[in-house]
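Number of protein chains: 2
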Amino acid sequence: MAEDKKLVEDITSMDEDFSQWYTDVVLKADLADYSSVRGCMIIKPYGYALWENIQKELDRRFKATGHENVYMPLFIPESLLQKEKDHVEGFAPEVAWVTHGGEEKLTERLCVRPTSETLFCQHFASVVKSYRDLPKLYNQWCSVVRWEKTTRPFLRTMEFLWQEGHTVHATAEEAKEETIRMLNVYAEFCEDFLAIPVIKGKKTDKEKFAGAIETYTIESMMHDGKALQSGTSHNFGDKFARAFNIQYTDRNNQLKYVHETSWGMSTRIIGAVIMVHGDNNGLVLPPKVAPTQLVIIPVSPHKEGVPEKAREVFQRLSGIVRAKIDESDRMPGWKFAEYEMRGVPLRLEIGPRDLEKEQAVLVRRDNREKIIVPLAELESRVPQVLEQLQQSLFEKAKRMMDSRIYTAGSMEELESTAANLPGFIKSMWCGSRECEDLIKDRTGMTSRCIPFEQEKLSDRCVCCGKEAKHMVYWGKAY
Amino acid sequence: MAEDKKLVEDITSMDEDFSQWYTDVVLKADLADYSSVRGCMIIKPYGYALWENIQKELDRRFKATGHENVYMPLFIPESLLQKEKDHVEGFAPEVAWVTHGGEEKLTERLCVRPTSETLFCQHFASVVKSYRDLPKLYNQWCSVVRWEKTTRPFLRTMEFLWQEGHTVHATAEEAKEETIRMLNVYAEFCEDFLAIPVIKGKKTDKEKFAGAIETYTIESMMHDGKALQSGTSHNFGDKFARAFNIQYTDRNNQLKYVHETSWGMSTRIIGAVIMVHGDNNGLVLPPKVAPTQLVIIPVSPHKEGVPEKAREVFQRLSGIVRAKIDESDRMPGWKFAEYEMRGVPLRLEIGPRDLEKEQAVLVRRDNREKIIVPLAELESRVPQVLEQLQQSLFEKAKRMMDSRIYTAGSMEELESTAANLPGFIKSMWCGSRECEDLIKDRTGMTSRCIPFEQEKLSDRCVCCGKEAKHMVYWGKAY
Chain Y
5 MAEDKKLVED
15 ITSMDEDFSQ
25 WYTDVVLKAD
35 LADYSSVRGC
45 MIIKPYGYAL
55 WENIQKELDR
65 RFKATGHENV
75 YMPLFIPESL
85 LQKEKDHVEG
95 FAPEVAWVTH
105 GGEEKLTERL
115 CVRPTSETLF
125 CQHFASVVKS
135 YRDLPKLYNQ
145 WCSVVRWEKT
155 TRPFLRTMEF
165 LWQEGHTVHA
175 TAEEAKEETI
185 RMLNVYAEFC
195 EDFLAIPVIK
205 GKKTDKEKFA
215 GAIETYTIES
225 MMHDGKALQS
235 GTSHNFGDKF
245 ARAFNIQYTD
255 RNNQLKYVHE
265 TSWGMSTRII
275 GAVIMVHGDN
285 NGLVLPPKVA
295 PTQLVIIPVS
305 PHKEGVPEKA
315 REVFQRLSGI
325 VRAKIDESDR
335 MPGWKFAEYE
345 MRGVPLRLEI
355 GPRDLEKEQA
365 VLVRRDNREK
375 IIVPLAELES
385 RVPQVLEQLQ
395 QSLFEKAKRM
405 MDSRIYTAGS
415 MEELESTAAN
425 LPGFIKSMWC
435 GSRECEDLIK
445 DRTGMTSRCI
455 PFEQEKLSDR
465 CVCCGKEAKH
475 MVYWGKAY
Chain A
5 MAEDKKLVED
15 ITSMDEDFSQ
25 WYTDVVLKAD
35 LADYSSVRGC
45 MIIKPYGYAL
55 WENIQKELDR
65 RFKATGHENV
75 YMPLFIPESL
85 LQKEKDHVEG
95 FAPEVAWVTH
105 GGEEKLTERL
115 CVRPTSETLF
125 CQHFASVVKS
135 YRDLPKLYNQ
145 WCSVVRWEKT
155 TRPFLRTMEF
165 LWQEGHTVHA
175 TAEEAKEETI
185 RMLNVYAEFC
195 EDFLAIPVIK
205 GKKTDKEKFA
215 GAIETYTIES
225 MMHDGKALQS
235 GTSHNFGDKF
245 ARAFNIQYTD
255 RNNQLKYVHE
265 TSWGMSTRII
275 GAVIMVHGDN
285 NGLVLPPKVA
295 PTQLVIIPVS
305 PHKEGVPEKA
315 REVFQRLSGI
325 VRAKIDESDR
335 MPGWKFAEYE
345 MRGVPLRLEI
355 GPRDLEKEQA
365 VLVRRDNREK
375 IIVPLAELES
385 RVPQVLEQLQ
395 QSLFEKAKRM
405 MDSRIYTAGS
415 MEELESTAAN
425 LPGFIKSMWC
435 GSRECEDLIK
445 DRTGMTSRCI
455 PFEQEKLSDR
465 CVCCGKEAKH
475 MVYWGKAY
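The listed protein sequences correspond, in order, to chains Y and A. Throughout the first sequence, residue numbering follows the working numbering, covering 5 to 482 in sequence. Throughout the second sequence, residue numbering follows the working numbering, covering 5 to 482 in sequence.
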């Protein structure tokens, strides 16, 4: 069997139809399935194992930065949701309403939480009294519901799983520091653990979270050049504190409002893993997040000594990496294709000839490189190859992203690049909503962020020609 | 300060008002708080850390028995809930109904899952085709909602966190084995990890789960003699399979119905931890589940060498147990009371005299025993004392339970024991619903279970005098 052959024939090719390719991978790699509930998906064992690895690693990073987990109610009374004006305007149109409990009609409707700022605020108002109670650094793992019109597995579902951090601080500076700190936690997590390069920046006023004074974001680029907002961190200043009357007594016995942040990452990030690393043979998983890092496939398993040796290797490697052995009666070729489709980073083939030579063959999922390794060296070489693979995936994704970031000095350039070249475009911007809207009308692109790493491309806004305030990344977004 | 003094004055005494004692402990040990959402609680960091330890350990045991985690939708369309007749009768009266999404009225109401059998069944019907697809051993961690009239933190809340296992099998025997296997997982978890002794048995038809052919249960006894159903495991036979048409082709190419089970444990179990081990000074946590196993309190911390030595001890013990050091400016007496209230199993006091003698004082939370330990031996002694403490808690709880199990040979005896002695009563029973109902009317007790360990107390039903079928445990239940 030629190794460069497309092994799994039933995945649509990326170039042919990227959206169909995505759906094929989600379904055929057994990550998720559709349910009979409009807009809600079923996360299958393989997809959930991915999410568990993401959770475990993020949770570790949250705890290492001093955060504690809590759990707030699933429901928000309508009157509570309405307490902060900008927030309710943003969310009320897209919530699910509970109107009946059992047989009884409720006197006040409850919405199923689309996000929990209001609940956290109410709780903070009751537990924060003095500067001694600050900061409170909370996080919650839960599911939330937003009544979306069109949905796609992981990318946009009516219900999704996420974590939402909510913190209150004594000063505006501390809240801002926290917002940036958590954005950095997200960025490092994406780059180190998921091998997804990101651009860090601030959202424009138009794109920021309902109720926030500043929203920070990490933006990543998918294989089709589109952007995926991968994590956001919001600084609320004292806006919610004023709406919910969250005050504390400072060291000088003065009543002060707290300053608040929130930040979230969701199962959406699994969509990014698929669309950044995947290829025409299916999923490609970075080793750090892969539920199975290495699959062992005995070749000619009826030959003497082969199954025994394969099992011995499996035993030896099990404590070192997340290994699996497939001794089923399927043909090796079928197995190769199956585990490629499921994105297992490394496979280990072992057959009669390998036994003779006291070696095994490692095959990398990302580039199909074959690496012949003496059996005695497996314990040291396998983790090494996985590490190299993790690194390669990041570098490849980084090259892909960097090579598709364009610069536009005029509206003509912006429009023609947006029409012809998938990717992000950077340009100068005056800061006005009018130009932002016009650019969207003309190109279908929204402002992804005002990146922290600013460049001065020119003095003038790409759209109106007035004085430029920022360099902005524009992109078509998921 | 006398060590036998009641240190925390603001917890109601158990004997005075057990229910108020419970509420005081929940609130003052900072486990949970009330929310503005009727019947929903806020799980605070300390309570959630307990739940995380429970989750981690249960999840490990589920995975060790071959189960995989998945995630199903939060909502169940009304028509889907209605597919199994007994199930909908049991649950429809206590569900929350979503009738509107955003501005739009739904054509079909969605209930917020009270439990997910119907969703799992629909999924199984779509993914199970052949005997090769069986068994499917799934579990889900999530929150569920039941529209309860009266609620109490952890014990009965409108929304609660739990896990629900759902499995399908080729044969009735395998489903029964799974049901018993998971009951045993729960029982061992309670006894080994939470130090809570349990009675294993089968529910009567009246008390079984809506839609099950058999429900198995573990029952534990609280400090006030009342029962808490701590985990249940249901065998559905092929009832749901028929309602949802879940069929597979067996090895002989025959179409067969699958056999199904489900099993669950919830945040309720935290209520059991509180009410089995707690005392008049607050919470008492078994070391295995305690978020903090050891708290280090420097005594006379202004004295030379004390804070340094306390920190050194903290460093040394941190990798071995979940340790914490309290160097705040509160008085040691305040700290002692605080960590006793929070149930921290062990405290380590270290002061100037201890420095001189190169020792530290360990104080057990459960019995206040003081153990003087040479500093050089801390690494070996602390884990040892924690293990002994874990064991003592189990034995003490077992003695408490065993000493409060009474036997009744007649209705008079049953009634007078139920009226006068808190605890469980065992008696013979004919198996009829009439006698079960009559016993409830006369004593306020329900059948807790038909225990696996049967004894033949007599030949006759305690109520009607007809031939007895089983020995039953009766009790007042939470």
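We put the CB at the ideal spot given by N, CA and C, even for glycine. Quick caveat, the model's predicted, so the values are computed rather than measured.
Contacts around residue i, its chain only, beta-carbon distance under 6 angstroms, and the 5 residues preceding and following it disregarded
| i | result |
| --- | --- |
| residue 212/A | 219 |
| residue 339/Y | 301 and 330 |
| residue 414/A | none |
| residue 294/Y | 349 |
| residue 408/Y | 229 and 427 |
Distance, residue j Cα to residue i Cα
| i | j | result |
| --- | --- | --- |
| residue 544/Y | residue 397/A | A query on residue 544/Y cannot be resolved here, the shown segment of chain Y reaching from 5 to 482 and no further. |
| residue 349/A | residue 368/A | 6 angstroms |
| residue 190/A | residue 63/A | 11 angstroms |
| residue 298/A | residue 479/A | 36 angstroms |
| residue 470/Y | residue 443/Y | 15 angstroms |
| residue 238/Y | residue 165/A | 28 angstroms |
| residue 109/A | residue 81/A | 14 angstroms |
| residue 28/A | residue 144/Y | 25 angstroms |
| residue 441/Y | residue 353/Y | 55 angstroms |
| residue 439/A | residue 205/A | 19 angstroms |
| residue 423/Y | residue 416/Y | 11 angstroms |
| residue 378/Y | residue 384/Y | 11 angstroms |
| residue 154/Y | residue 23/A | 49 angstroms |
| residue 463/A | residue 476/A | 13 angstroms |
| residue 169/Y | residue 273/Y | 16 angstroms |
Closest by C-alpha distance to residue i, when choosing among the options
| i | options | result |
| --- | --- | --- |
| residue 92/A | 185/A, 226/A, 244/A and 438/A | 244/A |
| residue 50/Y | 289/Y, 482/Y, 98/Y and 169/Y | 289/Y |
| residue 71/Y | 142/Y, 276/Y and 233/Y | 142/Y |
| residue 150/A | 117/A, 172/A and 128/A | 117/A |
| residue 344/Y | 24/Y, 285/Y and 29/Y | 285/Y |
| residue 114/Y | 76/A, 81/A, 101/A and 180/A | 101/A |
| residue 104/A | 84/A, 176/A, 79/A and 98/A | 79/A |
| residue 359/A | 342/A, 46/A, 380/A and 372/A | 380/A |
| residue 481/A | 279/A, 20/A, 137/A and 172/A | 279/A |
| residue 263/Y | 134/Y, 173/Y and 148/Y | 173/Y |
| residue 137/Y | 319/Y, 261/Y and 77/Y | 261/Y |
| residue 208/A | 200/A, 201/A, 202/A and 217/A | 217/A |
Endpoints, the beta strand (DSSP E) within which residue i is located
| i | result |
| --- | --- |
| residue 364/Y | 363-368 |
| residue 166/Y | 163-173 |
| residue 45/Y | 45-47 |
| residue 242/Y | Segment: none, residue 242/Y is in no beta strand (DSSP E) and carries neither H nor E. |
| residue 265/A | 263-270 |
| residue 83/A | Note, residue 83/A: premise wrong, no beta strand (DSSP E); alpha helix (DSSP H) at 82-85. |
| residue 115/Y | 108-116 |
| residue 298/Y | 298-302 |
| residue 251/A | 251-253 |
Close-in-space but distant-in-sequence residues of the same chain around residue i (CB under 7 angstroms, 5 per side omitted)
| i | result |
| --- | --- |
| residue 129/A | 248, 249 and 250 |
| residue 370/Y | 288, 393, 396 and 397 |
| residue 90/A | 214 and 215 |
Contacting residues, own chain, Cβ-Cβ under 8 angstroms from residue i (five flanking each side not counted)
| i | result |
| --- | --- |
| residue 305/Y | 311, 314 and 331 |
| residue 347/A | 33, 281, 282, 286, 287, 288, 289, 294 and 369 |
| residue 84/Y | 122, 123 and 126 |
| residue 15/A | 25, 28, 29, 32, 284, 285, 286 and 345 |
Endpoints, alpha helix (DSSP H) assigned at residue i
| i | result |
| --- | --- |
| residue 406/A | 382-406 |
| residue 410/A | No alpha helix (DSSP H) contains residue 410/A, which is instead part of the beta strand (DSSP E) from 409-411. |
| residue 351/A | Per DSSP, residue 351/A belongs to no alpha helix (DSSP H); it is in the beta strand (DSSP E), 350-354. |
| residue 24/Y | 22-32 |
Cβ-heavy atom distance, residue i to the ligand ZN, below 8 angstroms
| i | result |
| --- | --- |
| residue 437/Y | Of ligands this structure carries none, so the ligand ZN is not represented either. |
For the stretch 221-230 of chain A against the stretch 246-266 of chain A, are there 3 or more C-beta pairs whose distance is under 8 angstroms?
no
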